[in-house]
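**Student:**
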Amino acid sequence: MKRFRKVLIANRGEIAVRVLRALRELEIASAVIYSEADRDALPVLMADQAFPIGPAPAAESYLRMEAIVDLAVSIGADAIHPGYGFLSERAEFSALCRERGVVFVGPSPEAIGGMGSKVAARRRMIAAGVPVVPGSDGPLDDFDAARACAERIGFPVMLKASAGGGGKGMRVVRAAAELAEAYRLARAEAGASFGDDAVFLERFVERPRHVEIQVLGDLHGKVVSLGERECSLQRRHQKVVEESPSTVVGPELRRRMGEAAVAAASAVGYSNAGTCEFLLDAEGRFYFLEMNTRIQVEHPVTEMVTGLDLVVAQLRVAQGEPLGPEFEGVEPRGHAIEVRLYAEDPFRKFAPSPGRILWLRLPQGPGVRCDAGVYGGSEISIYYDPMIAKLIVWGRDRVEALRRLGRALEELRVEGIRTNVPLFEALLADADFRAGRFDIHWLDRKLGAGELAPVERAGLPDLPILAAAIAHYERAQSVAAVGGGAAGSRSRWRTAARRGGLRSGSWS
Amino acid sequence: MKRFRKVLIANRGEIAVRVLRALRELEIASAVIYSEADRDALPVLMADQAFPIGPAPAAESYLRMEAIVDLAVSIGADAIHPGYGFLSERAEFSALCRERGVVFVGPSPEAIGGMGSKVAARRRMIAAGVPVVPGSDGPLDDFDAARACAERIGFPVMLKASAGGGGKGMRVVRAAAELAEAYRLARAEAGASFGDDAVFLERFVERPRHVEIQVLGDLHGKVVSLGERECSLQRRHQKVVEESPSTVVGPELRRRMGEAAVAAASAVGYSNAGTCEFLLDAEGRFYFLEMNTRIQVEHPVTEMVTGLDLVVAQLRVAQGEPLGPEFEGVEPRGHAIEVRLYAEDPFRKFAPSPGRILWLRLPQGPGVRCDAGVYGGSEISIYYDPMIAKLIVWGRDRVEALRRLGRALEELRVEGIRTNVPLFEALLADADFRAGRFDIHWLDRKLGAGELAPVERAGLPDLPILAAAIAHYERAQSVAAVGGGAAGSRSRWRTAARRGGLRSGSWS
Amino acid sequence: MELIARAAGRIERVSVEREGGRYRVRVGERAYEVEAHALGSFVRSLLVDGASYEVAVFRQGASSWSVSHRGRPTVVEMVDPLAHLAEATRGEGARKGRQVVAAYMPGRVIGVSVAEGDTVEAGAPLVVLEAMKMQNEIQAERAAVVRRVHVAPGQAVEGGDPLVELE
Amino acid sequence: MELIARAAGRIERVSVEREGGRYRVRVGERAYEVEAHALGSFVRSLLVDGASYEVAVFRQGASSWSVSHRGRPTVVEMVDPLAHLAEATRGEGARKGRQVVAAYMPGRVIGVSVAEGDTVEAGAPLVVLEAMKMQNEIQAERAAVVRRVHVAPGQAVEGGDPLVELE
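Just so you know, the protein sequences line up as chains D, H, E and F, in that order.
Numbering of the first sequence is given in my numbering, commencing with residue 1 and proceeding in unit increments.
Numbering of the second sequence is given in my numbering, commencing with residue 1001 and proceeding in unit increments.
Numbering of the third sequence is given in my numbering, commencing with residue 2001 and proceeding in unit increments.
Numbering of the fourth sequence is given in my numbering, commencing with residue 3001 and proceeding in unit increments.
1. Find out if the Cβ-Cβ distance for the pair E259/D, P245/D is shorter than 8 Å.
2. Going by other Cβ atoms of all chains shown within 10 Å of its Cβ, with 16 needed for buried, is S35/D buried or exposed?
3. Would A2051/E pass as an interface residue toward chain H - the criterion being a Cβ-Cβ separation below 8 Å?
4. Give the straight-line distance between the Cα atoms of F1051/H and R1098/H, rounded to the nearest whole angstrom.
5. A1336/H and V1305/H: beta carbons closer than 8 Å?
6. Can you give the Cα-Cα distance for E2092/E and V2025/E, rounded to whole angstroms?
7. Distance, Cα to Cα, N1272/H vs E1328/H?
8. Identify whether R90/D lies in helix, strand or coil by the three-state DSSP scheme.
9. In the DSSP assignment, find the unbroken beta strand (DSSP E) run with Y2053/E in it and report its ends.
10. Residues bridged to G395/D by DSSP?
11. Can you give the Cα-Cα distance for L452/D and G1217/H, rounded to whole angstroms?
12. I need the boundaries of the beta strand (DSSP E) containing L1226/H, first residue and last residue.
13. Can you give me the start and stop residues for the alpha helix (DSSP H) that R1123/H sits inside?
14. Between which two residues does the beta strand (DSSP E) harbouring G2111/E extend?
15. Could one say the Cβ of K6/D lies closer than 8 Å to chain E's Cβ atoms, at least one of them?
16. Could you give the DSSP three-state label for P2081/E: helix, strand or coil?
17. I want to know whether the region 1353-1369 of chain H touches the region 1408-1420 of chain H - three or more CB-CB distances under 8 Å.
18. Using a Cβ cut-off of 8 Å (strictly closer), state whether E2002/E contacts chain H.
19. Could you compute how far the alpha carbon of L1341/H sits from the alpha carbon of A1408/H?
20. With distances taken Cα to Cα, identify the nearest neighbour of A469/D among V2075/E, P2153/E, L2039/E and L2166/E.
21. So which of L1140/H, G1459/H and F1204/H has the shortest CA-CA distance to M1170/H?
22. To test your reading of the DSSP string, which unbroken beta strand (DSSP E) runs of 3 or more residues are found completely within the region 1280-1322 of chain H?
23. Do P1208/H and L1280/H have their CB atoms nearer than 8 Å?
24. With A31/D as the anchor, note down where its beta strand (DSSP E) starts and where it stops.
25. Between the alpha carbons of S2066/E and A2008/E, how many angstroms are there, rounded?
26. What is the DSSP secondary structure of D1345/H, counted as helix, strand or coil?
27. With DSSP collapsed to three states, give me the class of I153/D.
28. With 8 Å as the threshold, decide whether the Cβ of S1491/H is near any Cβ in chain F.
29. Who are the neighbours of R1039/H on chain E, taking C-beta pairs under 9 Å?
30. Against chain D, with Cβ distances strictly below 8 Å, would R1152/H count as a contact?
31. Indicate whether at least one CB of chain E lies closer than 8 Å to the CB of V479/D.
32. With 8 Å as the limit, tell me which residues of the region 1329-1340 of chain H have their beta carbon closer than that to any beta carbon of chain D; keep them in chain order.
33. Consider the Cβ of G1013/H: report whether some Cβ of chain E lies at a distance smaller than 8 Å.
34. Are the C-beta atoms of Q1314/H and some chain D residue less than 8 Å apart?
35. From K1222/H, P1332/H, V1339/H and S1266/H, pick the residue whose C-alpha is nearest to that of V1317/H; which is it?
36. Along chain D, in chain order, which residues have C-beta atoms closer than 8 Å to that of G3040/F?
Put into structure tokens, the structure is as follows:
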């Protein structure tokens, strides 16, 4: 077993900070790369070493595989931690690291490749006995094949264009009598839309939940499951809130899903941290979707309920350490919820709100963890994901966790940019959310129907006027004191007024 | 049972913030008092309401019992939370609240009074079967009484002046043969020092540890123990580091100490949160010292290992709620350590370092909780305890907790004032501390012997020169750019030099 | 000091007086006792009759202030009563109707959906802005006539730059 | 720019050059490539040949800087080589020996243990200061002669105020 002396972090933002913390605890020296936009970012301040890697666009910096591995070699780093996103799931990067004698803190290129192609992965999962959404496994030859397949898997089913994607050419069929007409229409639609009328068929999962299993494998063939995360709250396929345990998963289902996830990972010889995503239907049936071959954004909820440090574990297994007894038979304790704080304006269609954070106070106190990639004064740039921080709360049960979430959000202060906090406030006020009644389409439905209105606070309606009046008064006093003559001060005011007028975007 | 709608916090600093968090989670409106020195302090910013209570000195503000209760009544507060220190252990304040129909979040005046007098409390504890340090329970009549008493309790014993205090007139006797001479000398010394030659005798506890038990009682007569905290690391009787569990307490000793603490609390009809302090000797014998009838500074270590929220529990039992099943049979999970971050300079005899915090970044991430009473820009005033924050870390075991402590201290940034961080760095480097080998005198011995030297970091010795050179260069450039003529700039510099010279305290 | 405050459709008479570190502010018929302390360059702690508010106040122009309380901004215009009267005389309707639609973030203009002189309905697309790899359509908040178009497709804009003027 | 740096007993020749946002700094025989970014009014991020340091730099006088790295301050004097030479000519010993002992915190002087003209040993008490309810004895750092006493018992002092001058 080789102990790392130095590790290069090939990432930015909060996950770079997260890995830095793990390295510090293991007393391993740390180095980060930074793009021109990230010179003053928190990871650069916290790392032992920091090296420029190129201009702001990711393609010219964080995605430069050769340059990053060259840097690792030149500074004597034993390993590279890729974080999530960027190069974390690129088999060729994992391969390049191996070739150059640098440990890639993640799975082998073969394991990444084995999960990379959806079609191949599905076949492998079926062979490994991992449940997948039942279907025709390829284009249907004709209507007879469609009927035979539908009868085998049971209604409702869904017809999908083989060449399709993004919901186009999809058609739900709820009864055998509707199948012939639907088949005809689906083929015609597929032909018209994609120039290829091949369609396939699979079971239609109604109102599914997204439940994923955290797995961890060492380099000695052992893979363990560390329980589930519920990630059904998604906006346009982006996770918004994650929690553990899931309100709909009990010990028995957890055990079965964990076994399936371990089988899935083992089927590709998986090592390091990874996540098997499943669809879970209302009857408790689950279907493998895909495997994320990296540490996930939402890994802290698993850490909070298990007491394990997953990034430390990643580094340890990458060093060749076998998984210890603390990873066996892990059961969740209490309840953890993560919300992703973004610089975006939920009142303006979630438009990003880049800019400088001028005032920042992160929540603290019992049961609250805030993994931030920023500090007061740092800039949310337009080049990357506008994440400010992840706010993770723990409670003895979900009710306590929700109370803490509300408390922590009230405590948070971010000025200078807008954030999506109002979305979480609206969620906390929603009865379905509080009861855990949702599926992967729930949030989009709610937002589409305008049913998640901003929470009106019982505040002081005159507050903005009071604050502006005092600011205005103070400014007038100080201008009068400093400005000397009234004429001079007036002309300055006029210039300012012109500038102000141009920049104001409100009805005035 | 009455649900509180509003609670007044009669305290300041981090404990006021701590109580605010609990109130938010219970959705109870909050009000704080503030002295003139605390107008811009964090509790004022976080509370729903804030009221001035007087000038900076505590006697004219935070200790004004009548004014505080009047305020509570006038703003419609149902209860007052006293925090720790100030009025928290004043039986008359608890009584005044009751008289005025405001709930005191703490024990009854009778319970506080019952533990307030050391002599009366000792008698009560003996009656309740709680072990106390064996002794003569009062002045010895003559040498025969001394010999009889010493033989009963066993050597070593300690002779103490009845009128004494602070270590004066104390004399350790290790064998029966030395007793007569020691008795003669002790009386003479007591007479000379205090004008009263009465002495008493008790067992001398060698190298004792300070181990305390957290108890919690409801208003229905139920009292539970929530395990121990080890607080042996003290500097001049002030706790510096606290942890839970103690490295020398196992389940059996924990159970016995817990039973003693519950018996002690029950003997005075105790309700709400309280702490029984014990001396623990090397043979595992423990002796009741006193009971702190309030929430303690170090309560978070118990929260971290039990998952309970003690301040929420205080408020709930004060409302009349009975203790639920989650408070029964509580066992610690993992290990938690708290360090008290103070604005004081360990290199200058721990002189306080008041002033403005100009740059602040509190540690975050897995297993780290930081209960701060400050923010970047706030002032550590000269009027109160110079605590900046409590840093609490949790790990699956003590080794992991210590690693996290080191990591968190490295992550912390405080500029503008000095802090006692170097003391904790030195402790983390000490083999005895890491092994948990210490007693209540250990830290004073170490500091006295100069054995806790500041940890030299393998850094860059030229760093201060580099930073100063660049700052100097930049300033020279900007002065040249703005200042116009060389003569003008030179004279400004000379003025600055004079001022600078006067304020510099270093050899130059 | 006597002022007129205009905020979120409201128009109020405001008076401000300072009395030894405290302010007496009158908004319409309501009187407030306010203690205001600056915590940084633009964050203030306001104690209004005991209630505590932490607000960020950004100056947006000579008489325009953005007041943000817990991350939710409100734009308040503080104007001289005479100036307000003059504007009102010129026609309340006209004043209300003018609007400069500005870029609320830096980015690149991908498309312009209107031309000067167009009549648009509420919700009609005006400009498509690309920032942070996402495209955002900027829409008219109400029915109006396009008076001016300041930008063209492909153009880079800063946050606050005017895009379109409506009336 | 050529300078002499005096810090913690060291005296070093220093040269500073700026090259497009980076600094080339020479300290004695050692050359450094430094990238320095200001993060606030006095905190800078320094990347020195790849190593990252977050330092707070406070100006203490015309040529005196307090550089704090992770809360541990060092005072560095940056002086003109000619001025340094002049001082050195006047006698290295004399320069080194002068010291103004200043209050390192605000408080009240409780006692003054020395008078002008006294000879004190290292560790000898000079002044007792009370702050935050604690009394702190300020001692001589080395053997010296008391040249001036600036304070009297009962007097309130600010942090940085001179207490005693030694030589």
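Note that CB positions come from ideal geometry on N, CA and C, so glycine has one too.
**Tutor:** Judging by the given coordinates:
1. Reading the first sequence from its first residue, position 259 is the one you call residue 259/D. Reading the first sequence from its first residue, position 245 is the one you call residue 245/D. Cβ atoms of E259/D and P245/D: not closer than 8 Å.
2. Stepping through the first sequence from its first residue, residue 35/D is reached at position 35. Counting Cβ neighbours within 10 Å, S35/D comes out buried, since at least 16 surround it.
3. Working through the third sequence from its first residue, we reach residue 2051/E at position 51. Yes, its Cβ sits closer than 8 Å to a Cβ of chain H.
4. As a working mapping, residue 1051/H is identified with position 51 in the second sequence. As a working mapping, residue 1098/H is identified with position 98 in the second sequence. Their backbone Cα atoms lie some 22 Å apart in a straight line.
5. Here residue 1336/H refers to the residue found at position 336 of the second sequence. Here residue 1305/H refers to the residue found at position 305 of the second sequence. Taking 8 Å as the cut-off, the Cβ atoms of A1336/H and V1305/H count as close.
6. Within the third sequence, the letter at position 92 stands for residue 2092/E. Within the third sequence, the letter at position 25 stands for residue 2025/E. Confidence at E2092/E is low in this model, with a pLDDT of 49, below 50, so the placement of that residue is unreliable and no value is reported for it.
7. Stepping through the second sequence from its first residue, residue 1272/H is reached at position 272. Stepping through the second sequence from its first residue, residue 1328/H is reached at position 328. The straight-line gap from Cα to Cα measures roughly 15 Å.
8. Taking the first sequence and counting its residues from 1, the one referred to as residue 90/D is at position 90. R90/D: coil per DSSP, three-state reduction.
9. Here residue 2053/E refers to the residue found at position 53 of the third sequence. Its beta strand (DSSP E) spans residues A2051 to R2059.
10. The residue given as residue 395/D occupies position 395 in the first sequence. Paired residues: H335/D.
11. As a first step, residue 452/D must be located in the first sequence, where it is residue number 452. As a first step, residue 1217/H must be located in the second sequence, where it is residue number 217. If you draw a straight line from the Cα of L452/D to the Cα of G1217/H, it comes to about 42 Å.
12. Reading the second sequence from its first residue, position 226 is the one you call residue 1226/H. Per DSSP, L1226/H belongs to the beta strand (DSSP E) from V1223 to R1235.
13. Here residue 1123/H refers to the residue found at position 123 when the second sequence is read from its first residue. Start and end: K1118 to A1127.
14. Here residue 2111/E corresponds to residue number 111 of the third sequence, with the count starting at 1. Segment G2107 to V2112, the beta strand (DSSP E) holding G2111/E.
15. Taking the first residue of the first sequence as 1, we reach residue 6/D at position 6. Judged by the 8 Å Cβ criterion, K6/D is not in contact with chain E.
16. Here residue 2081/E refers to the residue found at position 81 of the third sequence. P2081/E: helix per DSSP, three-state reduction.
17. Look at the beta carbons and you see the region 1353-1369 of chain H touching the region 1408-1420 of chain H: at least three pairs across the two are nearer than 8 Å.
18. As a first step, residue 2002/E must be located in the third sequence, where it is residue number 2. Not closer than 8 Å to any Cβ of chain H, the Cβ of E2002/E fails to qualify, so no.
19. Translated into positions along the second sequence, residue 1341/H becomes position 341. Translated into positions along the second sequence, residue 1408/H becomes position 408. Distance between the alpha carbons of L1341/H and A1408/H: 12 Å.
20. Looking up residue 469/D in the first sequence gives position 469. Among V2075/E, P2153/E, L2039/E and L2166/E, the Cα nearest to that of A469/D is on V2075/E.
21. For the purposes of this step, residue 1170/H is taken as the residue at position 170 of the second sequence. Of the candidates L1140/H, G1459/H and F1204/H, the one whose C-alpha sits nearest the C-alpha of M1170/H is F1204/H.
22. 1286-1292
23. Reading the second sequence from its first residue, position 208 is the one you call residue 1208/H. Reading the second sequence from its first residue, position 280 is the one you call residue 1280/H. For P1208/H and L1280/H, yes; Cβs fall inside 8 Å.
24. Reading the first sequence from its first residue, position 31 is the one you call residue 31/D. Run containing A31/D: A29 to S35, per the beta strand (DSSP E) assignment.
25. Position 66 of the third sequence holds residue 2066/E. Position 8 of the third sequence holds residue 2008/E. So the two alpha carbons sit approximately 12 Å from each other.
26. Looking up residue 1345/H in the second sequence gives position 345. Reduced to three states, the DSSP call for D1345/H is strand.
27. Looking up residue 153/D in the first sequence gives position 153. Helix.
28. Position 491 of the second sequence, counted from the first residue, corresponds to residue 1491/H. With a pLDDT of 36 at S1491/H, under the threshold of 50, the modelled position of that residue is not reliable, and the figure given next carries that caveat. Chain F contact via Cβ: absent.
29. The count along the second sequence starts at 1 and reaches residue 1039/H at position 39. The answer, in chain order, is E2035, H2037, S2045 and L2047.
30. Stepping through the second sequence from its first residue, residue 1152/H is reached at position 152. Output row for R1152/H: interface = no.
31. Translated into the one-based positions of the first sequence, residue 479/D becomes position 479. Chain E contact via Cβ: absent.
32. R1333 and G1334
33. As a working mapping, residue 1013/H is identified with position 13 in the second sequence. False, the Cβ-Cβ gap to chain E never drops below 8 Å.
34. For this step, residue 1314/H is matched to residue 314 along the second sequence. Closer than 8 Å: no.
35. In the second sequence, residue 1317/H corresponds to position 317, counting from 1. Considering only alpha carbons, the answer is K1222/H.
36. Here residue 3040/F refers to the residue found at position 40 of the fourth sequence. Neighbours of G3040/F on chain D, chain order: G377.
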